[in-house]
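Scroll down for the structure; my scribbles are underneath it.
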Amino acid sequence: MKVIKRDSSIVDFDISKIEIAITKAFNSVGKNADTKQIAEEVLLEIEKKELANISVEEIQDLVEKTLTKYNEYEALKSYILYREKRKTLRKELFAFKEYFKEKEVLNLLISIQKQYKEDGYHLNNLYKKFISFVKDDLTFNQKLDLLIRASAELTSKENPDWEFIAGHIYSYKIHKNIKEYEKQLHIKDFKSKIKVLTKMNLYGDYILKNYTDSQIDELENYLNNDRDLLFNYSSIDLVYKRYLIYDNNKRVIETMQEMFMGIAMHLAIPEQDKVSFAKKVYDCLSTLKVTVATPTMSNARKPFHQLSSCFIDTVPDTLKGIYRSIDNFAQVSKHGGGMGLYFGKVRANGSDIRKMKGVAGGVIRWIKLANDTAVAVDQLGVRQGACAVYLDIFHKDILEFLNLRTNNGDDRMKAHDIFPAICFPNLFWRLAEENINSPWYLFCPHEVREIMGFSLEDSYGKDFEEKYKMCIKEPRLDKKKVTVKDLVKLIIKSQVETGTPFIFNRDNANETNPNSHKGMIYSSNLCTEIMQNMREIEDVEEVIDEDKVITTVKSGDFVVCNLASLVLGNINLKDEKELAFTVSTMVRALDNVIDLNYYPTPYAKITNKKYRAIGLGTSGYHHALVKNKIKWQTEEHLKFADEVYEKINYYALKESMNIAKEKGSYKYFEGSEYETGLYFEKRRYNSSKWLKLKEEIKNNGLRNANLLAIAPTGSTSIIAGTTAGIDPVMKRYFLEEKKGAIIPRVAPGLSPQTFWLYENAHEIDQTYSLKAAGIRQRHIDQGQSLNIYITTEYKMSQILKLLILANKVGLKSIYYIRSKSLDIDECDSCSS
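Following UniProt numbering from start to finish, the sequence shown increments by one per residue and tops out at 832.
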């Protein structure tokens, strides 16, 4: 006997399908029955008809008749309702057949029906929205685009999962177009794709040099395209436009899962068992439990593999040195990195040059040169170059510096395309709290060096305060006197107007520097989270003959950091094994980046090899709080921060030690606070677990001088479908313009249960954010890209209290001051 399906296709009769349907009916009403016997009774009724073929509808009618015969009215009712529901679903699907004849599309819509069964996700809602966009003579791709748009625009607070439905359709479109392109290029599998892309100079040849055909086949079999379902519309749209590989004609030739595997294969090259480690990295990335920094995600697997986000240079007080720093910035920007430039050693306006007083132009003119370089040298054509410039609060040019981006004053002294940041000693904040009318003295660093024999910026803590007082008393020093209050007014005025200057608390950063035996931290990077030893590049000698000029330099400490972020909202933080696996995998992957990286300057390579610093951070912080049913403004939040980041630090240090066992410690481990144990004492790590790790690290060493740093994750958090960095959400629900359409966006995992757990950033008492950041800071050896959110009702005194509190709780930096009325164009060079 054959069965005629509703689409007129004919299949073999299968009694097990009848039994399954009857079992579901009984299960739905909580009853047990001999469903096999009932199914056989249905079969007898069918056989009585003596038909060669029977329709599905006829079989279902006989099931109803048999259930009636057995007086199973509850199950019968359930079965009838099920039939009606299926009829409704078929009717919904049938409407799309006028526009989509392709079976693949209809199967996709059926799978969406099965996955999203709630009332708000009926396909008739999608159909109504879709036909409101439809025009005549549309191509298949145009109709798909409208279907994606319709799904995305249905997103609401009540029905947030339309974001994911739009993502499913978008993923289908990408795969379909890629399959068609693969046929043109004679690509049959992942192996042949890599070979073709290598010939096209889109893949680096190092992949084929390091992996055999059989290894690539094994990794292809490990690909899981079902993980595309984790993407929502915005995340998949961003990946498609910015990160997937496309050819010279802008045709995308790489799927999301191939991208993740390509990155994983690249980062696994230094490992003995490359395939096994590539699978681990792939699992972390493809399940969106980790995101890597924008340069790593863009450039891993490609010929020009500059994988680092953050660079910091100390600008020397020489003409040659200043121009070298500007050139270094240009090279970094060209290859997609963001830059931090410390100008605290450059002589002030009106200082002397070659003993001639009053002729130096000061730091502003050089900062303007950095500003113009940021505009002129963009980041791989994707976005404008980005640079933060740092100056000490005791530098003589600080008043002009504070007006770099404001709307008042001489426009010739402006630099609107860079991000100003100020380095503060604790003394300044102490005076601001205790006696804001206290005098504050400004000095030229060149004059201090010449007259005092030391550099004021080279000291911190009590040593700085003693030398600062010595400078005040020295009559030969030309100093400028202002009040702390006047400086505070200028700082806060600029922050409210522009979001900057960023804040760098130099004492807090240096007093917890585990590598203070080898240097000092003068400033941070573009996004204020990287804090490592810095030293200017020095010219030693220049030899000239008629054929060549040879310049010898000391490389200094040109900071570079490699970033990734744990997506806390996508990790089960209660599962110690999962957290340990994710942290250890990414510490090892980031350590490999150091050896694999293409460095834009040789100075960055030298420093990175010496310290082997990495920056493992986090995103999805607010998302994780909500998943764990914790409100922002609670003591429970503070406890959560302490516990989670202590675990992350423990697993990061442990893995770095394990790598040191295999491959050796970083160059300056000996004498570091890791080796002496002072690192653990400062952080009050006194449990037996920590004491054991402390001893193991002393004996085995550590691979990385720095391990943790929390970047802002502007774009990569969108990819992971989570909240950015350590920030609270700006809004639970908002509208975003894409391709001329208004796309609704919602906080991750938004539901009636989580709605009130999500507190909007500008409505939160910022002291909770600062206290939580202070608690996290104990476990983070570098810094955090922390934003402070204010409203127009905030008074200057309230903002000052927050800045003072930030310093008191041990924060090393503050990123933006985000006013509710301020639209900040944040650079995401450091996004991880």
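For glycine and all other residues, C-beta sits at the position ideal for the given N, C-alpha and C.
As the structure is a computational prediction, the values presented were derived from the model and not from experiment.
Top-ranked residue by Cα proximity to residue i, from the options
| i | options | result |
| --- | --- | --- |
| Leu244 | Ile194, Gln782, Met259 and Glu218 | Met259 |
| Leu307 | Ile594, Asn628 and Thr767 | Ile594 |
| Ile521 | Lys479, Asn787, Lys481 and Asp313 | Asp313 |
| Asp61 | Asn71, Glu50, Leu76 and Asn426 | Leu76 |
| Ala421 | Ile814, Phe464 and Ile790 | Ile814 |
| Lys609 | Asp273, Gly556 and Ala52 | Gly556 |
| Ile659 | Glu646, Ile697 and Trp690 | Ile697 |
Sequence-distant residues of its chain with Cβ nearer than 7 Å to residue i (five each side left out)
| i | result |
| --- | --- |
| Lys467 | Phe454, Leu456 and Ser459 |
| Ile710 | Glu529, Gly617, Thr618, Gly725, Ile726, Ile780, Gln784 and Ser785 |
| Ile719 | Ser235, Leu238, Val239 and Thr291 |
| Lys771 | Leu638 and Val809 |
| Ser832 | Confidence at Ser832 is low in this model, with a pLDDT of 49, below 50, so its placement is unreliable and no value can be given for it. |
Residue i (DSSP reduced to helix, strand or coil)
| i | result |
| --- | --- |
| Phe755 | coil |
| Met531 | coil |
| Ile824 | Note that Ile824 scores 49 on pLDDT, short of 50, meaning its location in the model is unreliable and no value can be drawn from it. |
| Leu202 | coil |
| Ser55 | strand |
| Glu182 | helix |
| Gly509 | Looking at the sequence shown, residue 509 is not Gly but Ala. If DSSP states are grouped into helix, strand and coil, Ala509 belongs with the helices. |
| Ile418 | coil |
| Ile15 | helix |
| Ser333 | helix |
| Ser8 | coil |
| Gln60 | helix |
| Gly453 | coil |
| Ile659 | helix |
| Lys280 | helix |
| Val275 | helix |
| Lys795 | coil |
Alpha carbon of residue i to alpha carbon of residue j, nearest angstrom
| i | j | result |
| --- | --- | --- |
| His779 | Arg683 | 7 Å |
| Arg149 | Asp575 | 37 Å |
| Asn177 | Lys101 | 17 Å |
| Lys469 | Ala415 | 33 Å |
| Pro316 | Thr291 | 35 Å |
| Thr23 | Glu92 | 26 Å |
| Val63 | Ser28 | 16 Å |
| Thr155 | Asn232 | 11 Å |
| Leu579 | His168 | 28 Å |
| Asp34 | Leu126 | 41 Å |
| Asp642 | Arg745 | 31 Å |
| Leu750 | Glu636 | 21 Å |
| Val377 | Lys241 | 22 Å |
| Glu450 | Ser276 | 58 Å |
| Gly340 | Ser523 | 8 Å |
| Asp372 | Leu138 | 46 Å |
| Leu573 | Ser565 | 14 Å |
| Ala388 | Arg412 | 19 Å |
| residue 915 | Phe304 | In the structure displayed, the chain extends from 1 to 832; residue 915 sits before or after that span and is not available. |
| Asn505 | Tyr390 | 12 Å |
| Leu811 | Asp591 | 26 Å |
| Ile80 | Lys87 | 10 Å |
| Asn706 | Lys188 | 44 Å |
| Thr198 | Lys663 | 31 Å |
| Asp119 | Gln113 | 11 Å |
| Phe190 | Ile216 | 7 Å |
| Lys135 | Tyr121 | 24 Å |
| Tyr679 | Thr791 | 39 Å |
Residue range of the unbroken beta strand (DSSP E) whose run includes residue i
| i | result |
| --- | --- |
| Arg747 | The sequence given here places Ala at residue 747; Arg does not occur at that position. Premise fails: Ala747 is in no beta strand (DSSP E) and is neither H nor E. |
| Gly461 | Per DSSP, Gly461 belongs to no beta strand (DSSP E); it is in the alpha helix (DSSP H), Gly461 to Lys473. |
Contacting residues, own chain, Cβ-Cβ under 6 Å from residue i (five flanking each side not counted)
| i | result |
| --- | --- |
| Asp828 | Reliability fails at Asp828, whose pLDDT of 49 lies under 50, so the model's placement of it is uncertain and no value is given. |
| Asp12 | none |
| Ala806 | Leu770 and Ile814 |
Close Cβ partners of residue i (< 8 Å) along its chain, the five nearest in sequence each way excluded
| i | result |
| --- | --- |
| Asp765 | Gln633 |
| Phe133 | Leu146, Arg149 and Ala150 |
| Asn224 | Gln257 and Ser286 |
| Val488 | Ala432, Ile436, Met796 and Leu800 |
First through last residue of the alpha helix (DSSP H) which encompasses residue i
| i | result |
| --- | --- |
| Arg149 | Phe140 to Glu153 |
| Leu123 | Leu123 to Ile131 |
| Gly262 | Met256 to Leu267 |
Beta carbon proximity, residue i to chain B, threshold 8 Å
| i | result |
| --- | --- |
| Ser494 | Chain labels in this structure do not include chain B; a single protein chain is all it has. |
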